[in-house]
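Enquirer: One structure is given below, represented as structure tokens, and several questions about it will come after.
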Amino acid sequence: MLDDLLARFGKRDRLALARLLTLVARGEHLDAIRLALAAADSAASRPAPPVVALTGNAGVGKSTLVGKLAEYLRGQGQSVAVLACDPQSPLTGGALLGDRVRMPSRPDDLGLYIRSLAAVSGNQAVAEHVELMIRLLAGFGFDVILLETVGAGQGDTAVRELADVVVLLVQPETGDELQWEKAGLLEVADVVVVHKADLAGAERMESQVRELLTLPGCREITVLRVSSTKQQGLAELWAAILACPRHDARVGDARALLRRAQQVLAERFADRVQRVGPVVDRWKRHELDEAQAADELLQLLIR
Amino acid sequence: MATAVDRKLWSQWQREIEAAPPGEQPATTVSGVPIDPLYTPDNLDGFEYDSSLGYPGQYPYTRGVHATMYRGRLWTMRQFAGFGTAQQTNERFKFLVAKGQTGLSTAFDLPTLMGLDSDDPRSLGEVGRLGVAVDTIDDMRQLFAGIDIGKISVSMTINAPAAVIMAFYLANAQDQGVDWRKLRGTIQNDTLKEFHAQNEIYFPPEPSVRLAIDVIEFCTRHVPQWNPVSISGYHIREAGSTAAQELAFTLADGLHYVDQCLARGLQVDEFAPRLSFFFNAHNDLFEEVAKYRAARAVWADRLRNHYGARNENSWKLRFHAQTAGCSLQDKQPEVNLIRVAYQALAAVLGGCQSLHTNSMDETLALPSEHAVTLALRTQQVLAHETGVTNTVDPLGGSYFVETLTRQMAQEARGYFDRIEALGGMLPAIERGFFRREIADAAFAFQREFDAKHKIIVGVNAYQEAERKPLDILTIDHAVETEQVAQTRRVRKERSGEEQRRTLDAVRRAAEAQENLLPTLLDAARARATVGEVMVALAEVYGRCDAAVV
Amino acid sequence: MVKCVENQIPLRIVLAKVGLDGHDRGVKVVSRALRDAGFHVIYPGLWQSPEAVVRTVADEDADWLGISLLSGTHMTLVPRIVEMLRAAGLDHVGVLVGGIIPETDVPKLLELGVARVFGPGTPMAEIIDFLRAHGSRTHA
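Put into structure tokens, the structure is as follows:
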């Protein structure tokens, strides 16, 4: 059944993509899917699509902005996949995934794919195995991947590893203006968006953020105002995202892979654990590219 | 108010009640408010008759807006009607007038309510189904043909496109030679509650409110007997709110409209007397009565003391009530007659100015003539046989009802503070405050129902296996075809150039933030459709594409 | 057929309001109740066209689709949706209808392939039990 799915996926069957995403979300057949993608990756020469994460507190308008950005990109002719995360109850495992409400409904547009995901609440900003879902969407051929987190302050470093560019959303007049700063969010953000810029206080918010960024030790971060309601600032936002020094998403992917490899090896083949480190070192020294490193790690696992 | 002095008797009662076995259901109102077994003067600390209650027709109007209430004049029995084509609804109107109804109330179909024309693809299957389809002034003319709108009061339930429909109505009145100053009636025109509950939304909140204020401003100056807004809690309650939320959110909406009218430069006493309200009449009799009484007192206090209104008519909260559609059940539908009768009683004991009683078959389909007649008869029995009209505010002075009234007013003021703390009405909408509060309350009730803490007769208790089907009214699919053809005919007949010119003027007026009614009247006369005008406005205002959860 | 065991594989259900009616009290209450019962509920919002519903079901790989209608347009919209699901290769998705459906229309909907019709006043437990009993035809 999996072989059939993967074959259909290879032929760009959208239902197969949907089903594979479900399997990954459930943590099923991860290694086999990884392997299949790695094989396909080394065959293809396409560059990996940019992965952009949008994060920020609840109510700041993440889904709305993801939706507007997706529409903007569709207007530019780019195909877009969205992974939208909502919290899952740790008690019942249930989740109410309502992000689509604020996203464009374009049933005839095959260049837009939206998938709602549940993330176990607590310390996860995104659903489990998102890195593999990203690779699936990339493998399917989407030009841009947008990742919406559950909220800021939870598992930010994981988001940092998954995405090329992290966009942090803040809004005017929230009363908790400096909370995200405490959470160290500015350390993971590449772009800060003052969202809902049509509301009063947006300029003040922008200058507060800029002031904060002049503190010693802060990286170069773009700050800009965006209004989804008035459709203002989207082009500027996309330009700012593209201008960010590209973190290689594969770094995150390789790290996730490394963790997974170590975990499985430790569980099953204690003798092979020490062989993981050298592979990663060679990759860091650019002696191996990501695909090769991934391949070697997988070989370690399945042999 | 008298106080209870004899503590010994009180303790004796207390012992008896403590010894009694507890009831099967916890004693709460339908809104989940805990209710004590007994209310005494102790509950009304500091209650003074003159200052706390006063007389009907006097500030703060807790006991009613008129000195004589129903002894002077009965409430208006106003049944909401509309289905199919304008001609079919016109016939239903004439039928209702013949049966003794004293005011007309127009229900529009969903496409019209959403600002869509009948031939829009999104209207498919919806045309004329839940109300009458009005696309152009031609439909409006047909709707009121042979009815003297200079004499009978007419209510129109419409919101997002209210300004457009108002323009159709006014232009038609002019064509019929009826002086605008003679027109009596109400247009709902309350877009705020659409964002809280009802979801008939077209433009974003800010321009939606601006349009509503255009209607209020225009009618204040030119249609003085018309109620240009009916600030509605009905739909908030239908969406699952508690009674206190219904009260609080409705009054908060009203206060926002007042602020916006003042910002236009209107004087409070110019427009406040014509603001009208619309509340739900739900199952919990005393809670409902308390809600209406508190509504009058809180509104009067705000208008007099906060806004400095001097005209007494500005202080008076007048309201229409409709029995709760959400309380009607499809199991044993005849039982709905009984529910409706009690709900109507609550509205009358609460001092409503007009009342709609739902028909028993409304959860199944549009009401049949038989069911509509029984609903109207329910009001007539209440008015003429029960004797409830003989005295004003008969529950006034009840320890229980006065306590509930006070609690209700306090809760409303508490909500005003919370809305203020969120930055006011529009930011609170933006943050989903109202929707969240309402959804939480709806879910809480569902849990009570599922646990059988709240009983609904025939549904989670006293069920019957056998079902007797009612004869229901079905809408012929031909209505849609007919209406679409009619609208296309108008498009063909009219002058395209006139239509374009008037729509351009509408757009320009919207950009300039002028009052839109004058240009909308021109567009109406040029036979522009509701959909065309809305699209033109959206080019300036933007569309609200998603109702936030 | 995979029976859904509590706390194991959450069923994915799309709850959709189709047509123009904005009465979302019922769909919201059901959404919350299903969430609390361990389902993954995908709610795409109001005014969904049949095309949009089918797209959501496909891309979300849903096991079930719940359609909420209160405006009386069920005989226009439900057949279209069912047919479009079939055409999209989504026969395995179970379809539920909730809302005000006259009794005479219920058999017609069931004949179309709708699994169950839930009217007003349905206890939440009835819906939850039904879904649990039928599980998923997706992941056979």
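Protein chains in written order, with the numbering used here: chain A, -17 to 285; chain B, 840 to 1388; chain C, 18 to 157. Every residue, glycine too, gets a C-beta built ideally from N, C-alpha and C.
(1) Using a C-beta to C-beta distance shorter than 7 Å, which residues of chain A count as neighbours of R1270 (chain B)?
(2) Rounded to a whole number of angstroms, what is the C-alpha to C-alpha distance between G(-8) (chain A) and D13 (chain A)?
(3) DSSP three-state label for F922 (chain B), please.
(4) Residues of chain A with a CB under 7 Å from the CB of T73 (chain C): which are they?
(5) Tell me which same chain residues have a C-beta within less than 8 Å of the C-beta of S66 (chain C), skipping the five on either side of it?
(6) From the beta carbon of S85 (chain C), is the nearest beta carbon of chain B less than 7 Å away?
(7) For F147 (chain C), decide whether its Cβ has a neighbour in chain A, counting only Cβ atoms nearer than 7 Å.
(8) For chain C, check one thing: does any of its Cβ atoms lie closer than 7 Å to the Cβ of R267 (chain A)?
(9) For the segment 1278 to 1303 of chain B, list every residue whose C-beta sits within 7 Å of some C-beta in chain C, in sequence order.
(10) Just tell me which of C:P119, C:L28, C:V131, C:D76 has its CA closest to the CA of V95 (chain C).
(11) Within the continuous alpha helix (DSSP H) that includes E1371 (chain B), where are the two ends?
(12) If distances are taken between C-alpha atoms only, which option among B:H1209, B:E1337, B:L1221 comes closest to F934 (chain B)?
(13) So which residues on chain C does A0 (chain A) lean against when the C-beta distance must stay under 8 Å?
(14) How should G41 (chain A) be labelled, buried or exposed, when 16 other C-beta atoms within 10 angstroms of its C-beta is the threshold for buried?
(15) Would you say A100 (chain A) reaches chain C, if we count a Cβ-Cβ gap shorter than 7 Å as a contact?
(16) Whose Cβ in chain A lies nearer than 7 Å to the Cβ of P1043 (chain B)?
(17) Can the beta-carbon of V1054 (chain B) be found less than 7 Å from the beta-carbon of P1067 (chain B)?
(18) Do S1047 (chain B) and T1025 (chain B) have their C-beta atoms within less than 7 Å of each other?
(19) Check for me: the alpha helix (DSSP H) holding N1038 (chain B) runs from which residue to which?
(20) Given A866 (chain B), which residues of its chain have a CB within under 6 Å of its CB, disregarding the five upstream and five downstream residues?
(21) Can you list, in chain order, the stretches of the alpha helix (DSSP H) that have 4 or more residues and sit fully within the segment 857 to 929 of chain B?
(22) Report the residues of the segment 89 to 117 of chain C with a CB closer than 9 Å to any CB of chain A, ordered along the chain.
(23) According to DSSP, is A231 (chain A) part of a helix, a strand, or is it coil?
(24) Return the residue from the list B:D1018, B:V1329, B:G1381 that minimises the CA-CA distance to D956 (chain B).
(25) Against chain C, does L78 (chain A) count as a neighbour if the rule is that its beta carbon must be under 7 Å from one of theirs?
(26) Going along the chain, which residues of the segment 26 to 48 of chain C sit with their C-beta nearer than 7 Å to a C-beta in chain B?
(27) If we count the other Cβ atoms within 10 Å of its Cβ and call it buried at 16 or more, is L37 (chain C) buried or exposed?
(28) Specify the secondary structure class of K164 (chain A) as computed by DSSP and reduced to three states.
(29) Can you give me the C-alpha to C-alpha distance between G911 (chain B) and G970 (chain B), rounded to a whole angstrom?
(30) Strictly under 7 Å for the Cβ-Cβ distance: is A231 (chain A) near chain B by that measure?
(31) Tell me whether the beta-carbon of Q1192 (chain B) lies closer than 7 Å to the beta-carbon of W852 (chain B).
(32) From what residue to what residue does the beta strand (DSSP E) around Q70 (chain A) run?
(33) Can you pull the chain A neighbours of S66 (chain C), defined as C-beta to C-beta under 9 Å?
(34) Counting only Cβ pairs nearer than 7 Å, list the residues of chain C close to K1170 (chain B).
(35) Residues in the same chain with beta-carbon distance under 7 Å from E1033 (chain B), minus the five sequence neighbours each way, listed in chain order, please.
Expert: On the basis of the coordinates in this document:
(1) The sequence position of residue 1270 (chain B) within the second sequence is 431, counting from 1. By Cβ distance, chain A contributes G41.
(2) In the first sequence, residue -8 (chain A) corresponds to position 10, counting from 1. In the first sequence, residue 13 (chain A) corresponds to position 31, counting from 1. C-alpha separation (whole angstroms): 17 Å.
(3) By one-based count along the second sequence, residue 922 (chain B) stands at place 83. The answer is coil: DSSP assigns F922 (chain B) none of H, G, I, E or B.
(4) Counted from its first residue, the third sequence places residue 73 (chain C) at position 56. Within chain A, the residues near T73 (chain C) are R82.
(5) Locating residue 66 (chain C) in the third sequence gives position 49, counting from the first residue. Around S66 (chain C): V35.
(6) One-based indexing of the third sequence puts residue 85 (chain C) at position 68. No, no contact with chain B.
(7) Sequence index remark: in the third sequence, residue 147 (chain C) carries index 130 (1-based). Not closer than 7 Å to any Cβ of chain A, the Cβ of F147 (chain C) fails to qualify, so no.
(8) Within the first sequence, numbered from 1, the residue matching residue 267 (chain A) stands at position 285. So no, R267 (chain A) is outside the interface.
(9) A1278, A1281, F1282, Q1285, D1289, I1295, V1298, N1299
(10) By one-based count along the third sequence, residue 95 (chain C) stands at place 78. Per the Cα distances, C:V131.
(11) In the second sequence, residue 1371 (chain B) corresponds to position 532, counting from 1. Unbroken alpha helix (DSSP H) run through E1371 (chain B): 1369 to 1380.
(12) Residue mapping note: residue 934 (chain B) aligns to position 95 of the second sequence, counting from 1. The option with the nearest alpha carbon to F934 (chain B) is B:H1209.
(13) For the purposes of this step, residue 0 (chain A) is identified with residue 18 of the first sequence, where counting begins at 1. Those within 8 Å of A0 (chain A) in chain C are A75, D76, E77, D78.
(14) For the purposes of this step, residue 41 (chain A) is taken as the residue at position 59 of the first sequence. With fewer than 16 other Cβ atoms within 10 Å, it is exposed.
(15) Walking along the first sequence from the start, residue 100 (chain A) turns up at place 118. Closer than 7 Å to some Cβ of chain C, the Cβ of A100 (chain A) qualifies, so yes.
(16) Counted from its first residue, the second sequence places residue 1043 (chain B) at position 204. The contacting residues are T211.
(17) To locate residue 1054 (chain B), count along the second sequence from 1; it is residue 215. To locate residue 1067 (chain B), count along the second sequence from 1; it is residue 228. Yes.
(18) Stepping through the second sequence from its first residue, residue 1047 (chain B) is reached at position 208. Stepping through the second sequence from its first residue, residue 1025 (chain B) is reached at position 186. Cβ atoms of S1047 (chain B) and T1025 (chain B): not closer than 7 Å.
(19) Within the second sequence, the letter at position 199 stands for residue 1038 (chain B). No alpha helix (DSSP H) contains N1038 (chain B), which DSSP labels as neither H nor E.
(20) Stepping through the second sequence from its first residue, residue 866 (chain B) is reached at position 27. Contacts found: I874.
(21) none
(22) A105, G106, L107
(23) Here residue 231 (chain A) refers to the residue found at position 249 when the first sequence is read from its first residue. Residue confidence is low: A231 (chain A) scores 49 on pLDDT, short of 50, so the model does not pin down where it sits. Its coordinate-derived value is still stated next. Note: A231 (chain A) maps to helix in three-state DSSP.
(24) Locating residue 956 (chain B) in the second sequence gives position 117, counting from the first residue. The shortest Cα separation from D956 (chain B) among B:D1018, B:V1329, B:G1381 belongs to B:V1329.
(25) Along the first sequence, read from residue 1 onward, the residue named residue 78 (chain A) stands at position 96. So yes, L78 (chain A) belongs to the interface.
(26) G36, L37, D38, G39, D41, R42, K45, V46
(27) The count along the third sequence starts at 1 and reaches residue 37 (chain C) at position 20. When all chains shown are included, L37 (chain C) counts as buried.
(28) Your numbering for residue 164 (chain A) matches position 182 in the first sequence. Because the pLDDT of K164 (chain A) is 49, which lies under 50, any placement of that residue in the model is unreliable, and the number read from its coordinates should be weighed accordingly. It is helical.
(29) For the purposes of this step, residue 911 (chain B) is taken as residue 72 along the second sequence, with counting starting at 1. For the purposes of this step, residue 970 (chain B) is taken as residue 131 along the second sequence, with counting starting at 1. Distance between the alpha carbons of G911 (chain B) and G970 (chain B) is about 34 Å.
(30) Here residue 231 (chain A) is taken as the residue at index 249 of the first sequence, counted from 1. Here A231 (chain A) scores only 49 on pLDDT, less than 50, and its place in the model should not be relied on; the value that follows carries that caveat. Cβ-Cβ to chain B under 7 Å: no for A231 (chain A).
(31) Mapped onto the second sequence, residue 1192 (chain B) falls at position 353. Mapped onto the second sequence, residue 852 (chain B) falls at position 13. For Q1192 (chain B) and W852 (chain B), no; Cβs fall outside 7 Å.
(32) Numbered from its first residue, the first sequence carries residue 70 (chain A) at position 88. First-last of the beta strand (DSSP E) with Q70 (chain A): 62 to 70.
(33) Residue numbering aside, residue 66 (chain C) sits at position 49 when the third sequence is read from its first letter. Within 9 Å Cβ-Cβ: S87, P89.
(34) Locating residue 1170 (chain B) in the second sequence gives position 331, where the first residue counts as 1. Residues of chain C passing the Cβ test: G138.
(35) Walking along the second sequence from the start, residue 1033 (chain B) turns up at place 194. If we look at E1033 (chain B) and ignore the five residues flanking it on each side, its Cβ neighbours are N998, A999, E1039, I1040.
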